[in-house]
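In the numbering used here, the protein residues as written are 203 to 531. Beta carbons: idealized from backbone N, C-alpha and C, even for Gly. Encoded as structure tokens, the structure appears first; notes follow it.
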Amino acid sequence: MSDVLRRTVVLGSGSALPKRVVTNAELAAQVDTSDEWIVERTGIRQRHIAGEGETTASLAIDAARKAIETAGLTPADIDVIVLATATPDQTFPSTASKVQHELGCKSAFAFDVAAVCSGFLYALGTADALLHRGMGKRALVIGAETFSRILDWEDRTTCVLFGDGAGAMVIEMREFPAAEAATAPGVIATKLHTDGEHNCLLYVDGGPSTTQTVGKLRMKGREVFRHAVVNLASVLGEVLEEAGYAAEDIDWVVPHQANARILDATAKKLGLPAERMVKTVELHANTSAASVPLAYDVAVRDGRIKPGDLVMLEAMGGGFTWGASLLRA
């Protein structure tokens with residue numbers, strides 16, 4: 203057994219939101235809904251919506267710059283960029299390539315991953331694996347979305363749920379004595395899942411190869427809710443078992459910010475107190491792949507997540523895709 207422990211450590215995080223804030227009251231003036239209806243069913247009170255000149259790439263770039271600055275690095279220090287999004291600027295090339303160019307990360311290779319709301323977990327798992335394989339020392343991992351551009355603004359069951367934003371992390375491969383495994387920072391364990399059987403429950407009704415259009419988001423909310431609670435509780439258990447921890451050891455859960463009721467139900471199923479859940483859904487709504495890194499950055503900057511804390515990241519999205527990652531801050 204090796205006496206050296208290798209882990210990818212989070213050096214810094216960053217986030218970005220569009221300037222425009224849209225309240226529930228503003229939405230109620232456009233579709234048949236109300237602030238009370240939205241808050242009772244989702245916990246959402248407002249969301250940020252991208253305006254002219256604000257794109258998935260521009261939000262990703264802003265979040266990435268903050269993460270690199272917080273890490274005390276420069277763009278030249280980044281070797282890998284993995285960007286999770288379901289709303290790319292173009293069909294191709296990748297949004298990550300635009301981010302790489304605009305940031306000036308000239309030596310980094312960059313690509314997108316598509317796993318919808320689980321995208322950041324997939325991106326983090328991919329970047330972690332690449333660094334473990336020696337394909338770089340530092341990675342920039344981003345979740346960025348402009349979901350407002352694929353919403354049906356006449357469908358009150360979906361248009362009230364989503365917002366736009368971006369979040370980013372810089373991770374670096376480091377080595378520690380194996381004896382420090384219980385306290386060393388970094389990503390400890392990650393589990394990812396996909397079940398394509400449920401495509402029809404959460405999807406976009408368009409695409410280059412089928413309709414030659416972008417399409418609009420469609421969702422069967424009740425069924426998605428049921429699968430989300432079961433799948434998230436299951437994958438959290440898997441990660442804890444692999445890492446050798448129990449639910450009570452977790453300092454913070456940073457969940458995908460889909461719906462306050464899903465967050466509460468997942469916490470209850472795990473036996474975790476609700477106050478250990480980082481919640482930003484009230485102010486940001488569901489920002490898909492951006493929601494986990496955005497919430498993580500908020501909790502780091504307001505002092506909730508501190509160095510040494512054991513943090514669980516988790517998400518579920520269309521596909522279905524779902525996953526979780528345990529790390530020590």
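Query raised in the report: Just how far apart, CA to CA, sit E425 and C307?
Result: Translated into positions along the sequence shown, residue 425 becomes position 223. Translated into positions along the sequence shown, residue 307 becomes position 105. So the alpha carbons of these two residues sit roughly 42 Å apart.
Query raised in the report: With 16 as the cutoff for other CB atoms within 10 Å, does V315 come out buried or exposed?
Result: The residue you call residue 315 lines up with position 113 of the sequence shown. It is buried - the Cβ of V315 has at least 16 other Cβ atoms within 10 Å.
Query raised in the report: Whose C-alpha, out of R420, V389 and A462, is nearest the C-alpha of C402?
Result: Here residue 402 corresponds to residue number 200 of the sequence shown, with the count starting at 1. Among R420, V389 and A462, the Cα nearest to that of C402 belongs to R420.
Query - Residues near G369 in its chain [Cβ-Cβ closer than 6 Å; skip 5 each side] - result: Here residue 369 is taken as the residue at index 167 of the sequence shown, counted from 1. Excluding residues within five positions, the ones whose Cβ falls inside 6 Å are S217, A265, G345, A492, P495, L496 and D499.
Query raised in the report: Would you call the CB atoms of A310 and A329 closer than 7 Å?
Result: Walking along the sequence shown from the start, residue 310 turns up at place 108. Walking along the sequence shown from the start, residue 329 turns up at place 127. For A310 and A329, no; Cβs fall outside 7 Å.
Report task. Report back the beta-carbon spacing between N461 and V480 to the nearest angstrom; my notes put them in contact at under 8 Å. Result -> As a working note, residue 461 is residue 259 in the sequence shown. As a working note, residue 480 is residue 278 in the sequence shown. The pair is not a contact, with the Cβ atoms about 15 Å apart (cut-off 8 Å).
Query raised in the report: Is it true that the CB of A435 sits closer than 7 Å to the CB of T468?
Result: Position 266 of the sequence shown, counted from the first residue, corresponds to residue 468. Position 233 of the sequence shown, counted from the first residue, corresponds to residue 435. A contact, by the Cβ cut-off of 7 Å.
**Report entry** Cβ-based neighbour list, R463, same chain, cut-off 8 Å, excluding 5 preceding and 5 following
**Finding:** Taking the sequence shown and counting its residues from 1, the one referred to as residue 463 is at position 261. Only R243, T244, G245 and F427 meet the Cβ criterion.
Query raised in the report: Excluding the five sequence neighbours on either side, which residues of its own chain have a C-beta within less than 7 Å of the C-beta of K559, listed in chain order?
Result: Here the chain covers residues 203 to 531 and nothing more, so residue 559 does not appear.
Query raised in the report: Going by beta carbon distance, what residues of the same chain come within less than 7 Å of A531, once the five residues before and after it are set aside?
Result: Locating residue 531 in the sequence shown gives position 329, where the first residue counts as 1. Short of 7 Å from the beta carbon of A531, and not among the five residues preceding or following it, lie these beta carbons of its own chain, in chain order: V212, P387, I507, K508, P509, G510, D511 and V513.
Report task. Within its chain, find whatever has a CB closer than 7 Å to the CB of T272; leave out the 5 residues flanking it on each side and keep chain order. Result -> Start at 1 with the first residue of the sequence shown, and residue 272 comes out as number 70. If we look at T272 and ignore the five residues flanking it on each side, its Cβ neighbours are G214, S215 and G216.
Requested in this report: Compare the beta carbon distance of L289 and T348 with 7 Å and say whether it is the shorter of the two.
Outcome: To locate residue 289, count along the sequence shown from 1; it is residue 87. To locate residue 348, count along the sequence shown from 1; it is residue 146. The displayed chain sequence assigns Thr, not Leu, to residue 289. Yes.
Requested in this report: Using only alpha-carbon positions, find the residue among N433, G367 and M371 that is nearest to S350.
Outcome: In the sequence shown, residue 350 corresponds to position 148, counting from 1. Closest by C-alpha distance to S350, out of N433, G367 and M371, is G367.
Query raised in the report: If you drop the 5 nearest sequence neighbours on each side, which residues of the same chain put their C-beta closer than 6 Å to that of T523?
Result: Here the question's residue 523 lines up with position 321 in the sequence shown. Counting only Cβ-Cβ distances below 6 Å, and skipping sequence neighbours, we find A317, S320 and T396.
Requested in this report: Out of H400, K418 and E399, point me to the one whose CA is closest to C408's CA.
Outcome: If you number the sequence shown from 1, residue 408 lands on position 206. The sequence given here has Gly at residue 408, not Cys. Taking only the C-alpha atoms, the option nearest G408 is K418.
Query raised in the report: Near H250, what residues of its chain come up, given a Cβ to Cβ distance below 7 Å and the 5 sequence neighbours on each side ignored?
Result: In the sequence shown, counting from the first residue as 1, residue 250 sits at position 48. Close CB contacts of H250 within its chain, under the 7 Å cut and outside five residues either way in sequence, are with L219, P220, R222, V223, G365, D366, G367 and H486 (chain order).
Query raised in the report: Q248 by DSSP, collapsed to three states: which one?
Result: Counted from its first residue, the sequence shown places residue 248 at position 46. Of the three classes helix, strand and coil, the one that applies to Q248 here is strand, per DSSP.
Query raised in the report: Nearest to L305 by CA position, among T287, T293 and I283, is which residue?
Result: Indexing the sequence shown from 1 puts residue 305 at position 103. Comparing Cα-Cα distances from L305 to each of T287, T293 and I283, the minimum goes to I283.
Query - V437 vs K393 beta-carbon contact at 7 Å - result: For the purposes of this step, residue 437 is taken as the residue at position 235 of the sequence shown. For the purposes of this step, residue 393 is taken as the residue at position 191 of the sequence shown. Cβ distance < 7 Å, so V437 and K393 count as in contact.
Report task. Report the residue ranges of all beta strand (DSSP E) runs contained in full by the segment 298–329; include only those spanning at least 3 residues, in chain order. Result -> Runs found: 311–315.
Report task. Can you tell me which of D234, I280 and T225 puts its alpha carbon nearest to the alpha carbon of L356? Result -> Residue mapping note: residue 356 aligns to position 154 of the sequence shown, counting from 1. Residue identity check: residue 356 is Glu in the sequence provided, not Leu. Minimum Cα distance to E356 is reached at D234.
Query raised in the report: Around the C-beta of S204, are 16 or more other C-beta atoms found within 10 angstroms, so that it is buried, or is it exposed?
Result: The residue you call residue 204 lines up with position 2 of the sequence shown. S204 is exposed by the Cβ-count criterion.
Query - Where F378 sits in the DSSP three-state scheme - result: Stepping through the sequence shown from its first residue, residue 378 is reached at position 176. In this structure, F378 counts as strand in the three-state DSSP scheme.
**Report entry** CB of A445 within 7 Å of CB of I390, strictly
**Finding:** Residue numbering aside, residue 445 sits at position 243 when the sequence shown is read from its first letter. Residue numbering aside, residue 390 sits at position 188 when the sequence shown is read from its first letter. Contact check for A445 against I390 passes: the beta carbons are separated by less than 7 Å.
Report task. Report the rounded CA-to-CA distance for K377 versus P410, giving the unit in angstroms. Result -> Stepping through the sequence shown from its first residue, residue 377 is reached at position 175. Stepping through the sequence shown from its first residue, residue 410 is reached at position 208. Note on residue identity: the sequence assigns Glu, not Lys, to residue 377. Answer to the nearest angstrom: the Cα atoms are 44 Å apart.
Query raised in the report: Any idea if H334 is buried or exposed, counting beta-carbon neighbours within 10 angstroms, 16 or more meaning buried?
Result: Working through the sequence shown from its first residue, we reach residue 334 at position 132. The Cβ neighbour count for H334, taken over all protein chains shown within 10 Å, is under 16; the residue is labelled exposed.
Query - Pairwise C-alpha distance: I263 and S197 - result: Nothing about residue 197 can be read from this structure; the chain reaches only from 203 to 531.
Requested in this report: Pick out whichever of A312, F322 and T276 has its Cα sitting closest to the Cα of T287.
Outcome: The residue labelled residue 287 in the question sits at position 85 within the sequence shown. The candidate whose alpha carbon is nearest that of T287 is F322.
Report task. Could you please give the first and the last residue of the uninterrupted alpha helix (DSSP H) stretch that includes T359? Result -> Taking the sequence shown and counting its residues from 1, one reaches residue 359 at position 157. Residues R358 to C361.
**Report entry** Between the CA atoms of L442 and A448 - distance to the nearest angstrom
**Finding:** Position 246 of the sequence shown, counted from the first residue, corresponds to residue 448. Position 240 of the sequence shown, counted from the first residue, corresponds to residue 442. Taking the straight line from one Cα to the other gives about 6 Å.
Query raised in the report: Got a sec? Which residues, its chain only, sit under 7 Å from A230 by beta carbon, not counting five neighbours each side?
Result: For the purposes of this step, residue 230 is identified with residue 28 of the sequence shown, where counting begins at 1. So the list reads S236 and D237, once near-sequence residues are dropped.
Query raised in the report: Taking Cβ positions, are E516 and P475 nearer each other than 7 Å?
Result: Mapped onto the sequence shown, residue 516 falls at position 314. Mapped onto the sequence shown, residue 475 falls at position 273. No.
Query raised in the report: In terms of alpha-carbon separation, which member of G473, R503, I280 and T258 lies closest to M337?
Result: Locating residue 337 in the sequence shown gives position 135, counting from the first residue. With distances taken between Cα atoms, M337 lies closest to I280.
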